[in-house]
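A short worksheet on the structure shown next.
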């Protein structure tokens, strides 16, 4: 958290990759906290991860996206963050 805030203070670009963000409560809570407290330049992830972060249901298997309308996930995440 401290590194992210220090990077923000220096206007350094930051891009998280929330691999398997929906897989466990710890990953969900950590990602939510980071996204609330740190300003990111972009968010890297597959459609399942981006959809989850944007609050949209998405079919995923392990850490890979399986099916869905990728525009829905992208728009949801963009509107939220």
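In our numbering, the protein residues as written are 1076 to 1156. Ideal Cβ positions, reconstructed from N, Cα and C, are used throughout, including at glycine.
Local Cβ density within 10 Å of residue i, reported as buried at 16 or more and exposed below that
{"i": "residue 1122", "result": "buried"}
Nearest residue (CA-CA) to residue i, options the options
{"i": "residue 1080", "options": "1096, 1110, 1103", "result": "1110"}
{"i": "residue 1116", "options": "1096, 1131, 1083, 1077", "result": "1083"}
{"i": "residue 1113", "options": "1089, 1154, 1153", "result": "1089"}
{"i": "residue 1098", "options": "1127, 1155, 1153", "result": "1127"}
{"i": "residue 1076", "options": "1086, 1108, 1087", "result": "1108"}
Per-residue DSSP class, three states only, for residue i
{"i": "residue 1118", "result": "coil"}
{"i": "residue 1099", "result": "coil"}
{"i": "residue 1113", "result": "coil"}
{"i": "residue 1126", "result": "helix"}
Residue span of the alpha helix (DSSP H) that contains residue i, given as start and end
{"i": "residue 1079", "result": "1077-1084"}
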